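**Student:** In my numbering, the protein residues as written are 223 to 562. Here it is, the structure in full.
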């Protein structure tokens, strides 16, 4: 009987040791699994000269494009946002931070952010959204074959400047003098837009007066000039800074009873008279689609620059009525959205 008890005791002891070893192994493995999954999750960097509030709707487009590619934020992809908060001199530091983070791809909004990312890395893929010919800007070798580590979307801000002036002339046929408000600090956007407007104006019988503003106080000063000189209409150039001050601008437009046209619908949605330009949310969606392709192994040199093909005309008839304007039926029919 004694040997039997000893045999049973040894078996019981062995089972206890095996059980403890099993629990210890499980305890060691289980906490590691989430960390391993998190470490394996790809990171998309996003670099912008503005603040998050200024582009909240556009980021929905970026996430939608990623989703269409099979990537959902915080499920199987992480987005590392870096905001310069309207301080473009911070962009190089923020771009370098994304490089140190070893993100899989960097999405950039506008030439300043794009050039900052380009200076920070020659290996991490960069996807830009710009409003002028990226080949002319020196970002890519050509639209069809970008070369290097960079490609993206052109939303044609500069190319559409003359069309916006034409629409403004159509809405305000009596206009002969048009003020053009631009941000001189955004040289990549301002110079081609101003050039296009100045070239198109004589053919429409218009005189152009360019007003500069890169600070809030200068916007007030520009509208003081407008109040004194009484131009017939206003053309507002594209600029992250000006877009961030769109409520101020549309309120001043209303105060001066001045018809104005803008490049993005954000203005019309807060009381601006009319906007015409590329569908920027769709542009961000295209960036998301390209980011998804890069995460799956594509390289920027294989991805041609996408030329925006969706444009939108938005007319605020409530503002038109306040200004005493009758919107031509032709514009109402052509409008993608009429805000009443």
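Note that beta-carbon positions come from the ideal geometry of N, C-alpha and C, so glycine has one too. Please read these numbers as outputs of a predicted model, since none were measured by experiment.
Is the beta carbon of residue 428 closer than 8 angstroms to that of residue 456?
**Tutor:** Translated into positions along the chain shown, residue 456 becomes position 234. Translated into positions along the chain shown, residue 428 becomes position 206. Going by C-beta atoms, residue 456 is not nearer than 8 angstroms to residue 428.
**Student:** With respect to the alpha helix (DSSP H) encompassing residue 560, which residues constitute its N-terminal and C-terminal limits?
**Tutor:** To locate residue 560, count along the chain shown from 1; it is residue 338. Unbroken run through residue 560 is the beta strand (DSSP E), 559 to 561; no alpha helix (DSSP H).
**Student:** Quick one: grab the DSSP three-state call for residue 378.
**Tutor:** On the chain shown, residue 378 is found 156 positions in, with the first residue counted as 1. Coil.
**Student:** Measure the C-alpha to C-alpha separation of residue 311 and residue 422 and round it to an integer number of angstroms.
**Tutor:** For the purposes of this step, residue 311 is identified with residue 89 of the chain shown, where counting begins at 1. For the purposes of this step, residue 422 is identified with residue 200 of the chain shown, where counting begins at 1. Whole-angstrom Cα-Cα distance: 34 angstroms.
**Student:** Any idea what DSSP makes of residue 446, helix, strand or coil?
**Tutor:** Position 224 of the chain shown holds residue 446. Of the three classes helix, strand and coil, the one that applies to residue 446 here is helix, per DSSP.
**Student:** Given residue 233, which residues of its chain have a CB within under 7 angstroms of its CB, disregarding the five upstream and five downstream residues?
**Tutor:** Taking the chain shown and counting its residues from 1, one reaches residue 233 at position 11. Annotation note: pLDDT 47 at residue 233 (below 50); position unreliable, coordinate value reported separately. Excluding positions up to five away in sequence, the list is empty.
**Student:** From the DSSP output, which residues share a beta bridge with residue 534?
**Tutor:** In the chain shown, residue 534 corresponds to position 312, counting from 1. Answer by DSSP bridge pairing, in chain order: 499.
**Student:** Check for me: the beta strand (DSSP E) holding residue 434 runs from which residue to which?
**Tutor:** Walking along the chain shown from the start, residue 434 turns up at place 212. Residue 434: member of the beta strand (DSSP E) spanning 429 to 434, first to last residue.
**Student:** Assuming residue 377 and residue 502 make a contact with CB atoms under 8 angstroms, what is their CB distance in whole Å?
**Tutor:** The count along the chain shown starts at 1 and reaches residue 377 at position 155. The count along the chain shown starts at 1 and reaches residue 502 at position 280. Contact holds; Cβ gap of about 6 angstroms.
**Student:** Can you list, in chain order, the residues of its chain whose CB lies under 6 angstroms from that of residue 373, leaving out five sequence neighbours each side?
**Tutor:** Position 151 of the chain shown, counted from the start, is the residue given in the question as residue 373. 522, 525 and 527, listed in sequence order.
**Student:** Quickly, what does DSSP pair residue 349 with across the bridge? List them, please.
**Tutor:** For this step, residue 349 is matched to residue 127 along the chain shown. For residue 349, which the question treats as bridged, DSSP gives the partners 329 and 373.
**Student:** Considering Cα atoms alone, identify which of 465, 552, 513 and 358 is closest to residue 283.
**Tutor:** What you label residue 283 is simply residue 61 of the chain shown in a count that begins at 1. The candidate whose alpha carbon is nearest that of residue 283 is 513.
**Student:** Mark residue 297 as exposed unless 16 or more other C-beta atoms lie within 10 angstroms of its C-beta, in which case mark it buried.
**Tutor:** Taking the chain shown and counting its residues from 1, one reaches residue 297 at position 75. Result: exposed.
**Student:** Residues in the same chain with beta-carbon distance under 8 angstroms from residue 290, minus the five sequence neighbours each way, listed in chain order, please.
**Tutor:** Within the chain shown, residue 290 is the residue found at index 68, counting from 1. The answer, listed in chain order, is 507, 510, 511 and 514.
**Student:** What did DSSP end up calling residue 525 once you bin it into helix, strand or coil?
**Tutor:** Position 303 of the chain shown holds residue 525. If DSSP states are grouped into helix, strand and coil, residue 525 belongs with coil.
**Student:** So is residue 402 buried or exposed if we call it buried at 16+ other beta carbons inside 10 Å?
**Tutor:** Counting from one through the chain shown, the residue named residue 402 turns up at place 180. With a threshold of 16 other beta carbon atoms within 10 Å, residue 402 meets it and is buried.
**Student:** Looking only at its own chain, which residues have a Cβ that is under 8 angstroms from the Cβ of residue 226, when we skip the five neighbours before and after it?
**Tutor:** Against the chain shown, residue 226 aligns to sequence position 4. The predicted position of residue 226 is uncertain, since its pLDDT is 42 and thus under 50; no value can be drawn from it.
**Student:** If you follow the alpha helix (DSSP H) that residue 404 is part of, which residue opens it and which one closes it?
**Tutor:** For the purposes of this step, residue 404 is identified with residue 182 of the chain shown, where counting begins at 1. Premise fails: residue 404 lies in the beta strand (DSSP E), 399 to 404, not in any alpha helix (DSSP H).
**Student:** Can you give the Cα-Cα distance for residue 347 and residue 450, rounded to whole angstroms?
**Tutor:** The sequence position of residue 347 within the chain shown is 125, counting from 1. The sequence position of residue 450 within the chain shown is 228, counting from 1. If you take the alpha carbons of residue 347 and residue 450, they lie about 50 angstroms apart.
**Student:** Taking only three categories from DSSP, how would you classify residue 472?
**Tutor:** The count along the chain shown starts at 1 and reaches residue 472 at position 250. If DSSP states are grouped into helix, strand and coil, residue 472 belongs with the helices.
**Student:** Return yes when the Cβ of residue 339 is within less than 8 angstroms of the Cβ of residue 317, no when it is not.
**Tutor:** Looking up residue 317 in the chain shown gives position 95. Looking up residue 339 in the chain shown gives position 117. For residue 317 and residue 339, yes; Cβs fall inside 8 angstroms.
**Student:** Count the CB pairs spanning the stretch 402 to 415 and the stretch 347 to 358 that are closer than 8 angstroms, and state whether there are at least three.
**Tutor:** yes
**Student:** If residue 394 sits next to residue 547, beta carbons under 8 angstroms apart, how far is it from one beta carbon to the other, in whole angstroms?
**Tutor:** On the chain shown, residue 394 is found 172 positions in, with the first residue counted as 1. On the chain shown, residue 547 is found 325 positions in, with the first residue counted as 1. Right, the Cβ-Cβ distance comes to about 7 angstroms (below 8 angstroms), so this counts as a contact.
**Student:** Of all the options 458, 478 and 495, which has the alpha carbon lying nearest to the alpha carbon of residue 384?
**Tutor:** Looking up residue 384 in the chain shown gives position 162. Nearest of 458, 478 and 495 to residue 384, Cα basis: 458.
**Student:** Would you mind stating whether residue 442 and residue 397 have Cβ atoms separated by less than 8 angstroms?
**Tutor:** Taking the first residue of the chain shown as position 1, residue 442 is located at position 220. Taking the first residue of the chain shown as position 1, residue 397 is located at position 175. Taking 8 angstroms as the Cβ cut-off, residue 442 and residue 397 do not qualify as a contacting pair.
**Student:** From which residue to which residue does the beta strand (DSSP E) around residue 549 run?
**Tutor:** Residue 549 sits at position 327 when you count from the first residue of the chain shown. Where residue 549 is concerned, there is no enclosing beta strand (DSSP E), given that its DSSP letter is neither H nor E.
**Student:** Just verifying my parser: in three-state terms, what is the DSSP assignment at residue 252?
**Tutor:** Position 30 of the chain shown, counted from the start, is the residue given in the question as residue 252. The predicted position of residue 252 is uncertain, since its pLDDT is 45 and thus under 50; a value taken from the coordinates is nonetheless stated next. Looking at residue 252 - three-state DSSP - the assignment turns out to be coil, as it is neither helix nor strand.
**Student:** Since I believe residue 448 is in contact with residue 390 (beta carbons under 8 angstroms), could you give me their beta-carbon distance rounded to a whole number of angstroms?
**Tutor:** Start at 1 with the first residue of the chain shown, and residue 390 comes out as number 168. Start at 1 with the first residue of the chain shown, and residue 448 comes out as number 226. The C-beta separation of residue 390 from residue 448 comes to about 15 angstroms, leaving the pair out of contact by the 8 angstroms criterion.
**Student:** Helix, strand or coil for residue 506, going by three-state DSSP, please let me know.
**Tutor:** Within the chain shown, numbered from 1, the residue matching residue 506 stands at position 284. It is helical.
**Student:** Taking 8 angstroms as the threshold (C-beta atoms), are residue 299 and residue 264 in contact?
**Tutor:** For this step, residue 264 is matched to residue 42 along the chain shown. For this step, residue 299 is matched to residue 77 along the chain shown. Closer than 8 angstroms, so yes.
**Student:** Can you tell me whether DSSP reads residue 545 as helix, strand or coil?
**Tutor:** Walking along the chain shown from the start, residue 545 turns up at place 323. Coil, per DSSP.
**Student:** Verify whether the separation of the beta carbon atoms of residue 349 and residue 357 is less than 8 angstroms.
**Tutor:** Looking up residue 349 in the chain shown gives position 127. Looking up residue 357 in the chain shown gives position 135. Result no, Cβ atoms of residue 349 and residue 357 do not sit closer than 8 angstroms.
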